[in-house]
Every structure is written in C-alpha cells, then in structure tokens.
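The working numbering numbers the first residue of the sequence shown as 7 and each following residue consecutively. Ideal Cβ positions, reconstructed from N, Cα and C, are used throughout, including at glycine. Predicted model only: the values in this text are computed from it and were never measured. The structure appears below as structure tokens.
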Amino acid sequence: MLTHKQLRYFVDIVDAGSFSLAAERLFIAQSALSRQVKEMESHLQVPLLARDTRHLEMTPAGRSLYGDARRILAALDDAAVSARHAQRGIEGTVQLLHSSSVPLTDALLACLKDHAHRCPGVSIEVSQRASEHQALDIEQGIADVGLAREPLLRRYPGVQHAPIFSEPLVVAVPAVHALANRKSVGIAELRDEPFVATPHLERGGLSHRVAELCRAHGYHPTGAQVRSRKWSQLALVQAGFGIAIVPASMGRMAPEGVHLLALDDEGDSHTTVLVLSRAEGTKLAQDLVASLRAGMQPVQPGFS
C-alpha cells in the first residue's frame, strides 16, 4: 500500500522537476527520495518516472498517479482542517456557488449574515460559477449549494432545485444612446442593437432567458464587436460597444454612464433565481438552503 509520505514525495518531485531540487526543498537526502520512488514502482509494478541526467518526465502511469495523488492529498488536508475546526467548536464548511448574474445584493448578504449569526459554528465559502455548471459541481460534491438563473438545461438525478425569488429584467444602454432618454423599451425595438453578451438558447440561465424573449419577437440578437458573458458586460455598455439585458439587481450595480430602461411588459420579462443542492446533502447545506428560501422575498423590486 502506498503511504501518505510517498504520495507527498512523489508530488513534490514532479512539481520541483528534479530529485535534487525536491530534496533541497524537503531537507532530506536525494537518495532517500529515490528509494521512496523505487519502492512505489516496485509495489505498483509500473515505472512512474523516466529520468536521465537532464530531464525528469512522468510515464503514463506516473501522470495518472500524479493527478490522483494531488486529489488525495487535498482531501486529507481538508479532513485535517475539519478536524481542527471540530476541536475548536466549528461545525464545518458549506461551499456556496453563485453565478455572475446573481450578484451578492444587500438582501442576499443580509440573509447570509442572519444565517451566520444563527449558526456560529458554520463557515460559508462563496465562489462564482456559471449557472449551467453549478448542478454538475454539486452532483460531484465539489460544492454544496448553488444560486443559479432559471432555466437549468442539464438536470442531474442527485441535485434538487427550488425558486427563491424573481426579479424584472432591465435594458442597460450607454448614457449617450438614442434610447437613454426613455424610461422603458420593448424587446422588439432592440432587434438591430448589438448585444455585448450574446444570448444563446443552448446555454442555461440568463443567456437562455434573454434569447427566449428575443426569439418570441422574431429575431436572434446580434453580437457586439466586443462581448463578455460576465459582469464586465456592463463596462462594455458603459464604453459604448452595445446594450445588455440584465436582472434589475445587476442593473443597480452598473457603473456611471450606463442608463437603465424597464422592459415593456410584453409577456413575462422576469427572471427567476433557483437554489440548488444535493437531494441527500449534509444538514449544514440543508440549513443554508432553508435560510435562503425563508429569507428572500419571492419577488424582488425593479429599479427606480
């Protein structure tokens, strides 16, 4: 059986690129490292490293072991952190994802703050992840809870979701745009406008929702010369590259020089945020989901 020390040595050797440099970093003899690798190769009955006087390369077996070893070592490190937290009274950590189109608004932050106050032994790690990728991360156990825009195009049997709030979509235009003096605009009027975030029906979340609205009015949006799917799209609007249809919560965070217009109520011009979690998730994750569902207003306001 391979030991933790052997896996650590093997990863350190590969990362250093040589036995000699790894030995210096680890403060052990080079011969001791060589002996550990030879024992690993003997146990596995495969060569792991091809080495000569100038180069050190991994064999196919070595590359496979290297990837697995890094994951195993990371998991062991996480386990050690969890154990130390438990000793200090920290119950654990919940990994929370949110898409760039679900900004951490005052309402969401207040909800998280209230949850943290009621669960002082729980820490929350917040990361950003696109709506269409969150379900897979949760299914694979990389994350616990997600905040994504509807619709989810890819469903996984182990992942459940529920709506927590809806909000209006708004149109962001440069302050010098011909529409900037308007309070509202219809989707059909945007037919010839360049979109700095080209909507796609093949993508989930906000991208799909905007494409769906445009298609209902008989056109597919034209992409601007410079585009972005992330938060930076509002900077592109500010610079005059085109327009964007975004949730009201994103619109409220737009930089100076961006004018917001309401969408004329031609059909449903709202977007819904879902909370995602594993069906058999931990109690810590379930508690956070419950807090998010209870703490958010079903319909968020637009902009004034």
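Review point. Expressed to the nearest angstrom, what Euclidean distance is found between the alpha-carbon atoms of A116 and V132?
Key: Between A116 and V132, the C-alpha separation is close to 15 Å.
Three or more C-beta pairs below 8 Å linking the stretch 278-297 and the stretch 222-238: Touching, no, given that fewer than three Cβ pairs across the two stretches are closer than 8 Å.
Measuring CB atoms only, is the stretch 157-172 touching the stretch 181-198, in the sense that at least three cross pairs come out at less than 8 Å? Verdict: no, contact absent.
Notebook entry, point to check: Near T278, which residues of its chain fall below 6 Å by C-beta distance, leaving aside the five closest residues on each side in sequence?
Noted result: Cβ within range, chain order: E156, P169, S172.
Assigned secondary structure, E173 (DSSP; H/G/I helix, E/B strand, else coil) = E173: strand per DSSP, three-state reduction.
* Thinking C-alpha only, which one of H139, R135, V100 is nearest A122? -> When each option's Cα is compared against that of A122, the closest is V100.
* Asked: Where does H61 fall in DSSP's three states?
  -> Under the three-state reduction of DSSP output, H61 falls in the coil class, being neither helix nor strand.
Helix, strand or coil at F201 [DSSP, three-state]: In this structure, F201 counts as strand in the three-state DSSP scheme.
Burial state of M7, where buried means 16 or more other Cβ atoms lie within 10 Å | The Cβ neighbour count for M7, taken over all protein chains shown within 10 Å, is under 16; the residue is labelled exposed.
* Asked: Okay, do the stretch 68-83 and the stretch 11-30 touch, 3+ Cβ pairs below 8 Å being the bar?
  -> The stretch 68-83 is in contact with the stretch 11-30.
> Got a sec? Which residues, its chain only, sit under 6 Å from V182 by beta carbon, not counting five neighbours each side?
Replying inline: So the list is empty, once near-sequence residues are dropped.
Quick one: residues in its chain with C-beta nearer than 8 Å to the C-beta of Q166, no 5 flanking neighbours on either side, listed in chain order? Only L282, S283, R284, A285 meet the Cβ criterion.
Report task. Consider the Cβ of R14: report whether some Cβ of chain C lies at a distance smaller than 8 Å. Result -> In the displayed structure, chain C is absent; only one protein chain is listed.
Given L207, which residues of its chain have a CB within under 8 Å of its CB, disregarding the five upstream and five downstream residues?
Answer for L207: H214, A217, E218, R221, listed in chain order.
Could you say which of C125, I130, P174, S105 lies nearest to A268 if we only look at CA atoms?
Nearest C-alpha to A268: P174.
Inside the stretch 225-274 only - alpha helix (DSSP H) runs reaching at least 4 residues: Secondary structure in the stretch 225-274: the alpha helix (DSSP H) runs of 4 residues or longer, each lying completely within the stretch, are 239-244, 254-257 in chain order.
Fill in: Extent of the continuous alpha helix (DSSP H) run through H49
Residue range 36-50 is occupied by the alpha helix (DSSP H) that includes H49.
List the DSSP bridge partners of V5.
Residue 5 is absent from the model: the chain starts at 7 and stops at 310.
Taking 8 Å as the limit between beta carbons, can you name the residues of its chain near G95, skipping five residues before and five after?
Below a pLDDT of 50, predicted positions are generally treated as unreliable, and G95, at 49, falls in that range; the measurement from the model is reported next regardless. The answer, listed in chain order, is G127.
**Q.** C-alpha gap between A149 and D143, whole angstroms
**A.** Between A149 and D143, the alpha-carbon positions lie close to 6 Å from each other.
**Message:** At a threshold of 7 Å, does R215 count as lining the ligand GDP (C-beta to nearest heavy atom)?
**Reply:** Here there are no bound small molecules, and the ligand GDP is not part of this structure.
key: Assigned secondary structure, P66 (DSSP; H/G/I helix, E/B strand, else coil)   = Helix.
With DSSP as the reference, label H214 as helix, strand or coil. Note: H214 maps to helix in three-state DSSP.
By the DSSP assignment, the alpha helix (DSSP H) with L153 in it spans what residues? Where L153 is concerned, there is no enclosing alpha helix (DSSP H), although the beta strand (DSSP E) it sits in stretches over 151-155.
Task: Identity of the residue in S24, Q231, P261 nearest A178 by Cα - done: For A178, the closest of S24, Q231, P261 by C-alpha to C-alpha distance is P261.
From R90, H104, L212, P205, residue whose alpha carbon lies closest to that of H226:
Closest option to H226, judged by alpha-carbon separation, among R90, H104, L212, P205: P205.
Exercise for review: Report the three-state DSSP secondary structure of E131 (helix, strand or coil).
Suggested key: Three-state result, E131: strand.
* Asked: For S190, which three-state DSSP category applies?
  -> Reduced to three states, the DSSP call for S190 is strand.
Checklist entry - In this structure, what does DSSP give as the bridge partners for A178? => result Its beta-bridge partners are A250, L266.
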